[in-house]
Amino acid sequence: MFILRRQYLILILLLALVLYLLPQAARQLYPFPYQEIVRRYAHEQRLDPALIAAVARVESKFYVWAESPQGARGLMQLMPDTARQAAAELGLPFEPDRLFEPEYNLCLGSWYLSHLIQEFGDLTPALAAYNGGQGNVQSWLDKGIWDGSSHNLQQIPFAETREYVSRVYKNYRIYRLLYPDVNQQVFKS
191 MFILRRQYLI
201 LILLLALVLY
211 LLPQAARQLY
221 PFPYQEIVRR
231 YAHEQRLDPA
241 LIAAVARVES
251 KFYVWAESPQ
261 GARGLMQLMP
271 DTARQAAAEL
281 GLPFEPDRLF
291 EPEYNLCLGS
301 WYLSHLIQEF
311 GDLTPALAAY
321 NGGQGNVQSW
331 LDKGIWDGSS
341 HNLQQIPFAE
351 TREYVSRVYK
361 NYRIYRLLYP
371 DVNQQVFKS
C-alpha cells in the first residue's frame, strides 16, 4: 500500500513538473522579443499583440536584418513602397534603412496590418493581402474566386498566400496560448 501511494505521489510530482516546465519550454520555441514595443503599437492600432508577434514570426522569425529577394525588410518584412505609405499616414519620415530597426518596422507594420483589417473588414483577407497584395485579394473577392473566409483558404490562387495565412493563424493561436498575460483582442475569422 505504501509503495503504491509513493508511486502515485511520484507520478503526481512528475506531472506537476511537466505542466510547469512545458510552457517555459514552449516559450523558448516561440519567443516574443520586443514585447513592450509590440504592445505599444498594438494598443495604438487596436490590434492583438499576439497577432503582431505571429506575423513577425512567420515573416522573419524576429530577425531584424531579414531581407527578402523581393526587397521586403525587417521584422514584419515591409516592402519599401508599403512602408513609405505607412510612414506618410503616420506623419513619419520614410527612411528605408530604418526598416531594419525593430521600433520603426513594428510601428509601420502594425499600422499597415491594422489598415488592411479595416479595409477588408476581416482578419483573414487582411492576412492574405499582407502577403499576396491588396489588389490581388480584392480581385479574388470581387470575382468570387475566394469568399474571404478562413474555412476556404484552398480557394486562394497563390499557394504561398494560402500557406502564409494558415501559418499566421497557427502561430497566432500559439502566441495567445503561451502569452495569456499579453492584452488580447479577438478578431472574427
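For the sequence shown, our numbering gives the first residue as 191, with consecutive numbering after it.
Backbone N, C-alpha and C fix where the C-beta goes; we use that ideal spot for every residue, glycine too.
Go to residue 342, then tell me how far its alpha helix (DSSP H) extends in each direction, as first and last residue. Segment: none, residue 342 is in no alpha helix (DSSP H) and carries neither H nor E.
Please state whether the Cβ-Cβ distance between residue 316 and residue 306 is less than 7 angstroms. yes
Where does residue 306 fall in DSSP's three states? helix
If you scan the region 200-273 from start to end, which runs of the alpha helix (DSSP H) of 4 or more residues do you find wholly inside it? As far as the region 200-273 is concerned, its whole alpha helix (DSSP H) runs of at least 4 residues are 225-235, 239-250.
What residue range does the alpha helix (DSSP H) around residue 335 cover? Looking at the DSSP string, residue 335 is not in any alpha helix (DSSP H), and its letter there is neither H nor E.
Could you say if the region 252-264 and the region 225-241 meet the contact criterion of at least three C-beta pairs nearer than 8 angstroms? no
Coil, strand or helix - residue 286 by DSSP: helix
Cβ-based neighbour list, residue 251, same chain, cut-off 6 angstroms, excluding 5 preceding and 5 following: none
Identify whether residue 293 lies in helix, strand or coil by the three-state DSSP scheme. helix
Straight-line Cα distance separating residue 358 from residue 226: 21 angstroms
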